[in-house]
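The block underneath contains the structure these notes are about, expressed in structure tokens.
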Amino acid sequence: MNRKRIILCLSLCTSLLLSEEKATEKKETSVLEKIEVVSIVESDNPLKVITDPKNPIQPIPASDGADFLKNIPGFSVKRKGGTDGDPIFRGMSGSKLGIFSDGQEVYGGCGGRMDPPTAYIFPESYDSVVITKGPQTVLAGSGFSAGVVQFEKNPKYYSTPDYDIYSSFKQGSFGRSDQFLDVSGGGPLGYAQLIATRSHSNDYKDGKGDIVNSEYTRWNTSLTLGYTPTDDTTFEISGSKGDGEAKYADRTMDASKLLRENISLKVIKYNLAKNVEKVEMQVYRNYVDHIMDNYSLREAPISSMTGQKVYSGMNPDRTTIGGNLKVTTEIPSLLLTNVSGIDFKEDEHTARSAMMKTSSSLADSDMRSAPRQTDFDFSQVGFFNESTIDINEDNRIVAGLRLDKHEVIDKRTKLGMLIYNNPNYNQTDKDTLPSGFLRYEKDIPDYGLKTYIGFGHSERFADYWERTKYNLEGINNSNKANPNAITSIDIPEPEKTNQIDIGASWTNGDLTTSASMFYSKVDDYILNRWFDENGNTMTVPYGMGRTSYTTVSNIDATIYGGELSASYQITSDYKIIGSLTHVIGKNDTDDKPLAQQPPLEGKISAMYDNGKYSAGILARFISKQDRYDIGAGSIVMNGVDKGETPGASIFSINGGYKYNKNVSLNFGVDNLFDKAYMEHLSNSDVSSATTFMAQERIYEPGRNFWFELKTKF
Numbered sequence: 001m002n003r004k005r006i007i008l009c010l011s012l013c014t015s016l017l018l019s020e021e022k023a024t025e026k027k028e029t030s031v032l033e034k035i036e037v038v039s040i041v042e043s044d045n046p047l048k049v050i051t052d053p054k055n056p057i058q059p060i061p062a063s064d065g066a067d068f069l070k071n072i073p074g075f076s077v078k079r080k081g082g083t084d085g086d087p088i089f090r091g092m093s094g095s096k097l098g099i100f101s102d103g104q105e106v107y108g109g110c111g112g113r114m115d116p117p118t119a120y121i122f123p124e125s126y127d128s129v130v131i132t133k134g135p136q137t138v139l140a141g142s143g144f145s146a147g148v149v150q151f152e153k154n155p156k157y158y159s160t161p162d163y164d165i166y167s168s169f170k171q172g173s174f175g176r177s178d179q180f181l182d183v184s185g186g187g188p189l190g191y192a193q194l195i196a197t198r199s200h201s202n203d204y205k206d207g208k209g210d211i212v213n214s215e216y217t218r219w220n221t222s223l224t225l226g227y228t229p230t231d232d233t234t235f236e237i238s239g240s241k242g243d244g245e246a247k248y249a250d251r252t253m254d255a256s257k258l259l260r261e262n263i264s265l266k267v268i269k270y271n272l273a274k275n276v277e278k279v280e281m282q283v284y285r286n287y288v289d290h291i292m293d294n295y296s297l298r299e300a301p302i303s304s305m306t307g308q309k310v311y312s313g314m315n316p317d318r319t320t321i322g323g324n325l326k327v328t329t330e331i332p333s334l335l336l337t338n339v340s341g342i343d344f345k346e347d348e349h350t351a352r353s354a355m356m357k358t359s360s361s362l363a364d365s366d367m368r369s370a371p372r373q374t375d376f377d378f379s380q381v382g383f384f385n386e387s388t389i390d391i392n393e394d395n396r397i398v399a400g401l402r403l404d405k406h407e408v409i410d411k412r413t414k415l416g417m418l419i420y421n422n423p424n425y426n427q428t429d430k431d432t433l434p435s436g437f438l439r440y441e442k443d444i445p446d447y448g449l450k451t452y453i454g455f456g457h458s459e460r461f462a463d464y465w466e467r468t469k470y471n472l473e474g475i476n477n478s479n480k481a482n483p484n485a486i487t488s489i490d491i492p493e494p495e496k497t498n499q500i501d502i503g504a505s506w507t508n509g510d511l512t513t514s515a516s517m518f519y520s521k522v523d524d525y526i527l528n529r530w531f532d533e534n535g536n537t538m539t540v541p542y543g544m545g546r547t548s549y550t551t552v553s554n555i556d557a558t559i560y561g562g563e564l565s566a567s568y569q570i571t572s573d574y575k576i577i578g579s580l581t582h583v584i585g586k587n588d589t590d591d592k593p594l595a596q597q598p599p600l601e602g603k604i605s606a607m608y609d610n611g612k613y614s615a616g617i618l619a620r621f622i623s624k625q626d627r628y629d630i631g632a633g634s635i636v637m638n639g640v641d642k643g644e645t646p647g648a649s650i651f652s653i654n655g656g657y658k659y660n661k662n663v664s665l666n667f668g669v670d671n672l673f674d675k676a677y678m679e680h681l682s683n684s685d686v687s688s689a690t691t692f693m694a695q696e697r698i699y700e701p702g703r704n705f706w707f708e709l710k711t712k713f
């Protein structure tokens, strides 16, 4: 552990403890309301989950958004290494699940999803995380059939000159060390906020004692400036920059660069005119510059053909420019609240590379000096309207419609390691896709009951990762050197989802329960399959010397399941919480299970909290998964079904101490009994630099000790 870091932490603690009297005189919003560790995220709204990302969580999450989400019932994460996992909700991933950072759509650069959108999201930097389940809103993006995740930041308001400082410091097993600082201040005319975060971990050991290729270091800083000339008006400009590196166990390259730069402008105006309650406008630019190579963070592999080390690197980048306008109106005479608007984005992806070089310096210089080549250029414009009619205090109807115009230009000149000509070069694919929903909500206050039933329809344009797959089935020894061997590329049809969502929450004294269920029929579900050069199914499509191709096909599918949760406040100090999640997917076209679906999972947590001290135990039970489709999967590299996965039981403990309103300490032990287990939705371990052959799925971390110090004043 770094000695300077420890001294800095102790100095900070001492100064905070000595300033207790001054700190407690601060406004009430500086009080740390919770000290217990959140092991199961609770929500009294079965359709929309809202949670505070600053609350301590068990298991201790990585620095990114995916690891935070996996603590919410219904979410899974496809592990690659120690960070940058891919989030999955109700068995649906990729662009089926919308990810928004402060109102902005975020995309990664890697063609193998080394950096999914959540890789660039640092949860503690946000004020809230809002999850809307299913196609039950049209206000955020196009075609998100699984749901929408919004990492939200709220504008600051200071009626008098004031400031807020929030910090956290984490240490844990496997060299885990995180630092976070959020400083804001202002007055009646405006505010400023500076956030800095850093997270690091060494390679972890799994429950077998084996080292997993998983080390990472990530950092990010952001600055926000706000101007509030009146109580009803806010102008806000913000910018952020972050970078890092990460080792992965599921592929033969690591991320040596994970740069993201962002700038955003917001305008919020309340009470603009009669019945116009709110007008919001935002424009933004996100830039991702990503380098992956096989030499910066690991030993370069040895070629089976030459017996010498070979060095390769790739450098994709992505620029997304977007914006939105929303107008909220209220018509009391009609009991109507209406949100209408428009959103747009332009999204350009480029790539360059240097492959099979004789030295790392040559690979690096050739890669960085190569011109960037645009491979896909996307654009989208959407028009939407969402209305709420309050029939009376306890009954309401919510409905929404949106129409999206999509266009993409395929600018790849070559395919297949730049061997084959692209028959779709410079061709444009465009479509106009509708989405919408209708929902009825009914509250029964006398029984503490809230219910809803909704029908949603969404249509999704095939994304970048689905469009980069093509069929090499016709390539053989007789024509594999022919640059015109690929004569056509099938473009996936838009995915069309029709889904029923139903749910209820019930509160009776100290008992609260919640249930949300869904049933979905998907036409033209986009499914990936991997094959070798002989047309045989592959479960490990990645690795040097392995010739493989991926097909993308449209099938019809049925997906259904849901989430159940309950909490009971036994006494003022003791509480018990439980959750159960399950999803079943079927490939109707081929009459077999749908690939990449999570197993039945349950959690139960018992907690004690007397306001000063807290303690808890978490038990997680995973059922075996025997529904699979070998060789089929999602857009995530190596994210394919490989067969049955056994179940597991994992136990963790935690505790906390609250010194005063402003200082708290939380600690825990994850995977208390050092269980060796793997998730069903985990990628293959292909990190070996000598064999390039698949091992089992990546095993989860073994026993992990950690503590977290939080301050707020």
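Numbered by full-length UniProt numbering, the letters in the sequence shown go through residues 1 to 713 in order.
We put the CB at the ideal spot given by N, CA and C, even for glycine.
Between which residues of its own chain and residue i is the CB-CB distance below 7 Å, once the five residues before and five after are set aside?
i: K414; result: Y420, N421, N422
i: A146; result: F89, R90, M92, K96, L97
i: F705; result: G172, S173, V669
i: K26; result: Unreliable positioning characterises K26 in this predicted model, as indicated by a pLDDT of 37, which lies under 50. The coordinate reading is nonetheless provided below. Here the set comprises F713.
i: L672; result: F651, S652, I653, R703
Between the alpha carbons of residue i and residue j, how many angstroms are there, rounded?
i: F344; j: L265; result: 15 Å
i: A619; j: S605; result: 6 Å
i: D164; j: T228; result: 18 Å
i: G175; j: D573; result: 34 Å
i: F144; j: D64; result: 21 Å
i: K257; j: I635; result: 22 Å
i: L594; j: G639; result: 13 Å
i: I559; j: R368; result: 45 Å
i: T690; j: V130; result: Confidence in T690 is poor, its pLDDT being 40 and thus under 50, which makes the residue's placement too unreliable to answer from.
i: R546; j: S304; result: Bear in mind that the predicted position of R546 carries a pLDDT of just 46, short of 50, making it too unreliable to give a figure here.
i: N575; j: S240; result: Going by the sequence as given, residue 575 is Lys instead of Asn. For K575 and S240, the distance between alpha carbons rounds to 40 Å.
i: K642; j: D629; result: 8 Å
i: I491; j: T350; result: 20 Å
i: D390; j: L336; result: 7 Å
i: L32; j: S167; result: Its pLDDT being 38, under 50, L32 is placed unreliably by the model, and nothing is read from it.
i: A246; j: D394; result: 50 Å
i: R363; j: S312; result: It should be noted that the sequence gives Ala, not Arg, for residue 363. Taking the straight line joining both Cα atoms gives about 6 Å.
i: D203; j: W219; result: 18 Å
i: P53; j: D127; result: 7 Å
How many whole angstroms separate the CB atoms of residue i and residue j, which I take to be in contact at a CB cut-off of 8 Å?
i: W530; j: R113; result: Not quite, the Cβ-Cβ distance comes to about 15 Å (not below 8 Å), so this is no contact.
i: V288; j: G109; result: 5 Å
i: T711; j: N662; result: 6 Å
i: D250; j: H290; result: Contact doesn't hold; Cβ gap of about 16 Å is too wide.
i: F621; j: E601; result: 7 Å
i: I57; j: N45; result: Not confirmed; about 20 Å, so no contact.
So, does the CB of residue i fall closer than 8 Å to a CB anywhere in chain D?
i: K430; result: Protein chains in the displayed structure number just one, and chain D is not present.
What does a CB cutoff of less than 6 Å around residue i pick up in its chain, not counting 5 residues either side in sequence?
i: S76; result: I88, P598, L681
i: K405; result: V381, T432
i: A62; result: T83
i: L709; result: F169, L665
i: A370; result: R352
i: I409; result: D377, T428
Strictly by DSSP, which residues pair up with residue i?
i: V381; result: F344, K405
i: I263; result: G239, R285
i: T320; result: N286, D347
i: A246; result: Y216, A255
Is the beta carbon of residue i within less than 7 Å of some heavy atom of the ligand NAD?
i: S652; result: Absence of the ligand NAD from the depicted structure is noted, as is the absence of any ligand whatsoever, leaving it without description.
Alpha carbons only, please: which of the options is nearest the one belonging to residue i?
i: T589; options: T319, G602, N554; result: N554
i: D609; options: T328, G656, D674; result: G656
i: L189; options: N324, K442, Q179, Y157; result: Y157
i: G74; options: K274, T428, A515, I576; result: A515
i: G509; options: G323, R260, E348, I570; result: I570
i: N154; options: R697, I237, V38, K78; result: I237
i: K521; options: V148, V149, A557, Q136; result: A557
i: K411; options: D127, S387, D375, D429; result: D375
i: G578; options: I500, L449, A566; result: A566
i: K274; options: P332, T306, G242; result: P332
So, for residue i: in the same chain, excluding its five sequence neighbours on each side, which residues have a beta-carbon less than 8 Å away from its beta-carbon?
i: M1; result: Because the pLDDT of M1 is 42, which lies under 50, any placement of that residue in the model is unreliable, and the number read from its coordinates should be weighed accordingly. Correct list, in chain order: Q171, S177.
i: L139; result: K326, V339, G341, F384, E386, G400
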